[in-house]
Amino acid sequence: MSFTATLRSWWRALIHRSQTDRDVADELRFHIEQRTQHLIDSGISPADAIRQAQMEMGRPDVQKEIYRSAIGLRPLYEIGGDLRGAIRSLHRCPFVSIAAVVSLALGIGATSAMFNVIYSTVLNPFPYRDTDRIVNPSLIDEKQPLLPTWFALEPTQYDEFLKARSIDSVLGFLLRPRTDTGSDYPEDVSVDFVTPNMNDFLGISASDPRCAFRGPESRR
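Right under this line is the structure:
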(Lines of atoms letter the chains of each structure in order from A; the text may use other names.)
(Lines give C-alpha, C1' and ligand atoms only; values in the text may rest on other atoms or scores of the structure.)
Protein backbone atom coordinates (compact mmCIF):
# COMPACT_ATOMS: atom_id res chain seq x y z
CA MET A 427 0.00 0.00 0.00
CA SER A 428 1.38 3.41 -0.98
CA PHE A 429 1.81 6.22 1.52
CA THR A 430 -1.06 8.18 -0.03
CA ALA A 431 -3.37 5.19 0.17
CA THR A 432 -2.36 4.68 3.80
CA LEU A 433 -3.22 8.30 4.62
CA ARG A 434 -6.60 7.95 2.93
CA SER A 435 -7.27 4.78 4.91
CA TRP A 436 -6.37 6.52 8.18
CA TRP A 437 -8.56 9.49 7.31
CA ARG A 438 -11.60 7.33 6.55
CA ALA A 439 -11.07 5.27 9.69
CA LEU A 440 -10.78 8.37 11.91
CA ILE A 441 -13.63 10.38 10.43
CA HIS A 442 -15.98 7.45 9.80
CA ARG A 443 -15.04 5.20 12.70
CA SER A 444 -18.49 3.62 13.04
CA GLN A 445 -18.55 2.79 9.34
CA THR A 446 -15.07 1.29 9.61
CA ASP A 447 -16.15 -0.87 12.55
CA ARG A 448 -19.18 -2.06 10.56
CA ASP A 449 -16.98 -2.90 7.58
CA VAL A 450 -14.64 -4.93 9.78
CA ALA A 451 -17.60 -6.73 11.39
CA ASP A 452 -19.11 -7.50 7.97
CA GLU A 453 -15.77 -8.82 6.73
CA LEU A 454 -15.38 -11.04 9.79
CA ARG A 455 -18.97 -12.29 9.48
CA PHE A 456 -18.37 -13.16 5.84
CA HIS A 457 -15.31 -15.26 6.67
CA ILE A 458 -17.16 -17.02 9.49
CA GLU A 459 -20.03 -17.87 7.14
CA GLN A 460 -17.64 -19.14 4.49
CA ARG A 461 -15.75 -21.26 7.03
CA THR A 462 -19.02 -22.57 8.48
CA GLN A 463 -20.25 -23.62 5.05
CA HIS A 464 -16.94 -25.33 4.34
CA LEU A 465 -17.19 -27.31 7.60
CA ILE A 466 -20.80 -28.28 6.88
CA ASP A 467 -19.79 -29.51 3.43
CA SER A 468 -17.14 -31.68 5.10
CA GLY A 469 -19.80 -33.48 7.17
CA ILE A 470 -19.90 -31.48 10.42
CA SER A 471 -23.30 -30.53 11.86
CA PRO A 472 -24.35 -26.88 11.38
CA ALA A 473 -24.24 -26.08 15.13
CA ASP A 474 -20.76 -27.56 15.54
CA ALA A 475 -19.61 -25.91 12.31
CA ILE A 476 -20.70 -22.45 13.49
CA ARG A 477 -19.05 -22.92 16.89
CA GLN A 478 -15.79 -24.16 15.36
CA ALA A 479 -15.70 -21.35 12.78
CA GLN A 480 -16.22 -18.74 15.49
CA MET A 481 -13.45 -20.28 17.60
CA GLU A 482 -11.06 -20.32 14.64
CA MET A 483 -11.78 -16.71 13.68
CA GLY A 484 -11.64 -15.42 17.24
CA ARG A 485 -13.75 -12.87 19.08
CA PRO A 486 -14.96 -9.92 16.98
CA ASP A 487 -13.62 -7.27 19.38
CA VAL A 488 -10.18 -8.91 19.34
CA GLN A 489 -10.19 -9.01 15.55
CA LYS A 490 -11.09 -5.30 15.46
CA GLU A 491 -8.11 -4.48 17.66
CA ILE A 492 -5.86 -6.56 15.42
CA TYR A 493 -7.15 -4.66 12.38
CA ARG A 494 -6.57 -1.28 14.04
CA SER A 495 -3.04 -2.26 15.01
CA ALA A 496 -2.35 -3.51 11.50
CA ILE A 497 -3.21 -0.17 9.87
CA GLY A 498 -1.64 1.90 12.67
CA LEU A 499 -4.82 3.40 14.13
CA ARG A 500 -4.77 1.82 17.56
CA PRO A 501 -2.49 4.49 19.14
CA LEU A 502 -4.73 7.24 17.73
CA TYR A 503 -7.85 5.58 19.11
CA GLU A 504 -6.17 5.19 22.51
CA ILE A 505 -5.18 8.85 22.57
CA GLY A 506 -8.72 9.84 21.60
CA GLY A 507 -10.14 7.66 24.38
CA ASP A 508 -7.76 9.21 26.91
CA LEU A 509 -8.77 12.71 25.82
CA ARG A 510 -12.47 11.91 26.09
CA GLY A 511 -11.93 10.46 29.56
CA ALA A 512 -9.99 13.55 30.63
CA ILE A 513 -12.73 15.85 29.33
CA ARG A 514 -15.40 13.91 31.22
CA SER A 515 -13.33 14.07 34.41
CA LEU A 516 -12.87 17.82 34.05
CA HIS A 517 -16.59 18.25 33.42
CA ARG A 518 -17.45 16.39 36.62
CA CYS A 519 -15.04 18.52 38.70
CA PRO A 520 -15.30 22.15 37.52
CA PHE A 521 -12.98 23.50 40.24
CA VAL A 522 -10.29 21.08 39.20
CA SER A 523 -10.90 22.15 35.62
CA ILE A 524 -10.40 25.81 36.51
CA ALA A 525 -7.23 25.04 38.44
CA ALA A 526 -5.90 22.96 35.54
CA VAL A 527 -6.66 25.69 33.00
CA VAL A 528 -5.06 28.40 35.17
CA SER A 529 -1.98 26.25 35.79
CA LEU A 530 -1.70 25.53 32.09
CA ALA A 531 -2.06 29.21 31.21
CA LEU A 532 0.59 30.22 33.75
CA GLY A 533 2.94 27.53 32.51
CA ILE A 534 2.51 28.55 28.89
CA GLY A 535 2.88 32.23 29.78
CA ALA A 536 6.07 31.65 31.78
CA THR A 537 7.52 29.49 29.03
CA SER A 538 6.67 32.08 26.38
CA ALA A 539 8.21 34.88 28.44
CA MET A 540 11.41 32.90 28.99
CA PHE A 541 11.60 32.02 25.30
CA ASN A 542 11.17 35.69 24.35
CA VAL A 543 14.08 36.61 26.62
CA ILE A 544 16.30 33.87 25.21
CA TYR A 545 15.24 34.67 21.65
CA SER A 546 15.93 38.38 21.94
CA THR A 547 19.26 38.01 23.76
CA VAL A 548 20.74 34.82 22.33
CA LEU A 549 18.93 33.60 19.22
CA ASN A 550 18.08 36.96 17.66
CA PRO A 551 19.95 39.83 19.34
CA PHE A 552 19.85 43.46 18.23
CA PRO A 553 20.46 43.69 14.47
CA TYR A 554 23.56 45.82 14.86
CA ARG A 555 27.24 45.12 14.56
CA ASP A 556 29.16 44.10 17.71
CA THR A 557 26.20 44.58 20.03
CA ASP A 558 28.13 42.88 22.83
CA ARG A 559 30.65 45.75 22.73
CA ILE A 560 28.18 48.64 22.79
CA VAL A 561 27.98 50.33 26.19
CA ASN A 562 25.55 53.01 27.30
CA PRO A 563 27.08 54.55 30.43
CA SER A 564 25.03 56.22 33.13
CA LEU A 565 25.59 57.83 36.53
CA ILE A 566 24.60 55.96 39.70
CA ASP A 567 23.78 57.82 42.89
CA GLU A 568 24.70 55.81 46.00
CA LYS A 569 21.59 57.11 47.72
CA GLN A 570 19.35 56.03 44.83
CA PRO A 571 21.17 53.17 43.07
CA LEU A 572 18.02 52.00 41.27
CA LEU A 573 17.56 55.35 39.50
CA PRO A 574 20.46 55.82 37.05
CA THR A 575 20.75 59.16 35.31
CA TRP A 576 22.22 60.07 31.95
CA PHE A 577 25.07 62.49 31.62
CA ALA A 578 25.69 65.04 28.90
CA LEU A 579 28.90 65.74 27.01
CA GLU A 580 30.04 69.00 25.58
CA PRO A 581 31.23 68.93 21.95
CA THR A 582 34.84 69.18 23.07
CA GLN A 583 34.37 66.27 25.48
CA TYR A 584 32.81 64.24 22.70
CA ASP A 585 35.86 64.91 20.51
CA GLU A 586 38.17 63.80 23.32
CA PHE A 587 36.31 60.52 23.64
CA LEU A 588 36.77 59.95 19.91
CA LYS A 589 40.54 60.33 20.36
CA ALA A 590 40.72 57.80 23.21
CA ARG A 591 42.63 54.64 22.21
CA SER A 592 40.53 52.42 24.46
CA ILE A 593 37.33 53.42 22.63
CA ASP A 594 36.73 52.45 19.01
CA SER A 595 33.89 54.87 18.41
CA VAL A 596 31.39 57.10 20.20
CA LEU A 597 27.77 57.76 19.30
CA GLY A 598 26.03 60.79 20.72
CA PHE A 599 22.28 61.21 20.89
CA LEU A 600 19.85 63.73 22.30
CA LEU A 601 16.16 63.12 22.97
CA ARG A 602 13.88 66.09 22.42
CA PRO A 603 10.07 66.54 22.24
CA ARG A 604 8.71 67.70 18.92
CA THR A 605 5.32 68.18 17.25
CA ASP A 606 4.56 66.14 14.16
CA THR A 607 2.40 68.10 11.72
CA GLY A 608 2.53 65.62 8.85
CA SER A 609 -0.91 64.16 9.57
CA ASP A 610 -4.39 65.64 9.86
CA TYR A 611 -3.84 66.52 13.52
CA PRO A 612 -0.62 67.63 15.23
CA GLU A 613 0.91 64.93 17.41
CA ASP A 614 3.50 65.22 20.17
CA VAL A 615 6.43 62.86 19.56
CA SER A 616 9.91 62.21 20.94
CA VAL A 617 12.78 62.62 18.48
CA ASP A 618 16.36 61.37 18.81
CA PHE A 619 19.06 63.59 17.37
CA VAL A 620 22.20 61.56 16.72
CA THR A 621 25.75 62.30 15.69
CA PRO A 622 26.63 61.89 11.99
CA ASN A 623 28.53 58.64 12.58
CA MET A 624 25.43 56.63 13.57
CA ASN A 625 25.43 54.42 10.47
CA ASP A 626 29.11 53.55 10.85
CA PHE A 627 28.77 53.04 14.60
CA LEU A 628 25.91 50.55 14.24
CA GLY A 629 27.23 48.94 11.06
CA ILE A 630 24.27 50.00 8.90
CA SER A 631 24.94 50.06 5.16
CA ALA A 632 23.53 52.68 2.82
CA SER A 633 21.17 50.10 1.26
CA ASP A 634 19.65 49.19 4.63
CA PRO A 635 16.14 50.63 5.22
CA ARG A 636 17.30 51.69 8.69
CA CYS A 637 20.01 53.90 7.20
CA ALA A 638 19.74 57.50 8.43
CA PHE A 639 20.45 60.32 6.00
CA ARG A 640 22.62 63.12 7.23
CA GLY A 641 20.99 66.43 7.87
CA PRO A 642 22.35 69.77 9.01
CA GLU A 643 24.97 69.28 11.71
CA SER A 644 24.97 71.23 14.92
CA ARG A 645 27.73 71.54 17.53
CA ARG A 646 25.46 72.85 20.26
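Residue numbers (the numbering used here): 427 to 646. Glycine residues also receive a C-beta, built at the ideal position from the N, C-alpha and C atoms.
8 Å contact criterion, which residue i and residue j should meet: CB distance rounded
i    : j    : result
P571 : L565 : So it is not a contact: roughly 11 Å between Cβ atoms.
T621 : L601 : Contact flag wrong, Cβ pair sits at about 14 Å.
F619 : F599 : 7 Å
M483 : L454 : 6 Å
A525 : L516 : Actually they are not in contact, since the Cβ atoms of A525 and L516 sit about 10 Å apart, beyond 8 Å.
P603 : S592 : No, P603 and S592 are not in contact; Cβ-Cβ is about 35 Å, not under 8 Å.
D594 : T605 : Their Cβ separation, rounded to whole angstroms, is 37 Å, which puts D594 and T605 out of contact at 8 Å.
DSSP state of residue i mapped onto helix, strand, coil
i    : result
E613 : strand
R510 : helix
V561 : coil
R477 : helix
D594 : coil
I470 : coil
I630 : coil
R622 : Rather than Arg, the amino acid found at residue 622 in this sequence is Pro. Note: P622 maps to coil in three-state DSSP.
F587 : helix
R604 : strand
L572 : strand
F577 : coil
Burial state of residue i (16 or more Cβ within 10 Å)
i    : result
L628 : buried
L530 : exposed
T462 : buried
L465 : buried
#### Entry: At least 3 beta-carbon pairs within less than 8 Å: the region 450 to 460 vs the region 473 to 484
Three or more pairs of CB atoms, one per stretch, sit closer than 8 Å, so the region 450 to 460 contacts the region 473 to 484.
### Query
Where are the alpha helix (DSSP H) runs, 4 residues long or more, that stay fully inside the region 519 to 555, in chain order?
Runs found: 520 to 544.
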